[in-house]
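I have placed the structure first, in the form of structure tokens, so that the comments after it can refer back to it.
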Amino acid sequence: MDPSCHACKFWVNSGTCPKGAACQYEHPQRHNLISARQRWVSERQQERQKIAQKEGNPHVHDSASRHARASIFSKWLVERFGRELLRKGPVLDVAGGPRGEVAFELEQLGISSDSAPCGNAQAPADVQSMRLVNQPDEGTAGQRHEAADCQENHRLQRHIQAEFGPAFWADGSSHSQLVKQCSLVIGLHPDEATEAIVDCALAHAKPFAVVPCCVFPRLFPDRKLVEDNGSTRPVVRHDELVRYLTAKADGHNDYLKFQGRNLVVSSALSGN
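Residue numbers (the numbering used here): 27 to 298.
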């Protein structure tokens, strides 16, 4: 039997399975495990490409590695919203992770940012960390000049330790001014915070851009898609989540040129 055929995804990825002998899928032995893993990954990539092609993704076969997604997203933000708007205040990057890749890429473009986590914070108070932008050795003179300006101004990338939800952006909260002063609210694969980013932007009439990834239908059972005939159904798939968010904010869709979930929902609010 082909070791990748009906192989257990847990076993293929980690060599262990929580169900053990009760698992209904194949557990390839060590001498077959590497080839099974390679085939499993290849099959999943082909499967995702077929789905993406069916959904109308124009970058199925010419996408950059997912490792470049922060850079691609940041440059797209500049193209979509313009430097003038992005420099009116820090970009609020939600669920950007401890590495802050999008924030770093934005700072390379001369744009400051604040980072907020998507879930409960461990620290009791706001924590700020400062990272100066190094002037690049490569790039156009204009790009080097912008990076130098950014370094000269000692811009901060602030990490806000607080749960991102309605209480975060509510008027009178300790973080409401941060939201009011930001130029844009963004999230690149922000998981549970995806819809909260849209809600925050709508509450404060801020432009936003979010690249949804996971749907979490059990965590958000109240999300409903309204059909043309007036009936509703729960949001359980990625394409449904995109439709739901787009309808909620009267948003705009674009595909970014990297592998994986690359459809961005955005709104300029003053005219999409």
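Glycine is no exception: its CB is placed at the ideal position from the N, C-alpha and C atoms. These numbers come from a predicted model, not from an experiment.
Could you spell out the range, first to last residue, of the alpha helix (DSSP H) harbouring residue i?
| i | result |
| --- | --- |
| Asn39 | Lys35 to Ser40 |
| Leu112 | Arg109 to Leu112 |
| Val268 | His264 to Ala275 |
| Leu17 | Residue 17 is absent from the model: the chain starts at 27 and stops at 298. |
| Leu228 | Thr220 to Ala229 |
| Gln134 | Glu127 to Gln134 |
Measure the beta-carbon distance from residue i to residue j and round it to whole angstroms, keeping in mind my assumption that it falls under 8 Å.
| i | j | result |
| --- | --- | --- |
| Ser220 | Pro233 | In the sequence under discussion, the amino acid at residue 220 is Thr, which differs from the Ser named in the question. In fact, because the Cβ distance is near 16 Å, the residues do not count as touching under 8 Å. |
| Ala227 | Val211 | 5 Å |
| Ser209 | Leu289 | About 23 Å; that fails the 8 Å criterion. |
| His53 | Cys43 | 6 Å |
Restricting to Cα atoms, I'd like to know which of the options is closest to residue i.
| i | options | result |
| --- | --- | --- |
| Ala229 | Ser138, Arg249, Arg259 and Asp197 | Asp197 |
| Ser202 | Ala142, Lys250, Val236 and Glu218 | Ala142 |
| Ile223 | Val117, His93 and Pro260 | Val117 |
| His248 | Gly213, His185 and Pro260 | One point to set straight first is that residue 248 is Asp, not His, in the sequence displayed. Looking at the Cα atoms, Pro260 is the closest of the given residues. |
| Val128 | Leu103, Ser199 and Asp225 | Leu103 |
| Ile98 | Leu295, Ala294, Asp280 and Ser293 | Asp280 |
| Leu59 | Val120, Ala121, Thr42 and Val38 | Val38 |
| Ala121 | Leu289, His215, Gly286 and Phe194 | His215 |
| Ala62 | Gly46, Gln50, Phe130 and Ser40 | Ser40 |
| Gly286 | Lys45, Arg95, Thr258 and Cys34 | Arg95 |
| Phe366 | His93, Glu131 and Asp140 | Because the chain spans 27 through 298 in this model, residue 366 falls outside it and cannot be assessed. |
| Ser293 | Ser199, Ala193, Gly256 and Phe107 | Phe107 |
| Glu218 | Gln207, Lys45 and Gly191 | Gly191 |
| Arg125 | Ala273, His185 and Arg109 | His185 |
| Val67 | Cys49, Phe36 and Gly46 | Phe36 |
| Leu251 | Gly277, Asp225 and Leu271 | Leu271 |
| Lys114 | Asp254, Gln207, Thr258 and Gly213 | Gln207 |
| Gly213 | Ser139, Ala231, Cys34 and Ser199 | Ser139 |
Looking at the secondary structure, which residues open and close the beta strand (DSSP E) in which residue i lies?
| i | result |
| --- | --- |
| His278 | His278 to Tyr281 |
| Val117 | Val117 to Val120 |
| Val237 | Phe234 to Val237 |
| Ala142 | Ser139 to Ala142 |
| Val252 | Lys250 to Val252 |
| Val291 | Leu289 to Ser293 |
| Arg259 | Thr258 to Pro260 |
Against chain C, does residue i count as a neighbour if the rule is that its beta carbon must be under 8 Å from one of theirs?
| i | result |
| --- | --- |
| Val211 | Reference to chain C is not applicable here, since this structure consists of a single protein chain. |
For residue i, is the beta carbon positioned less than 7 Å from some heavy atom of the ligand MG?
| i | result |
| --- | --- |
| Gln203 | Among the components of this structure there are no ligands whatsoever, and the ligand MG is therefore not found. |
4 or more residues per run - each alpha helix (DSSP H) lying fully within the stretch 185–212: 192–195 and 202–207
Touching by the beta-carbon criterion (3+ pairs, under 8 Å), the stretch 261–270 and the stretch 238–251: yes
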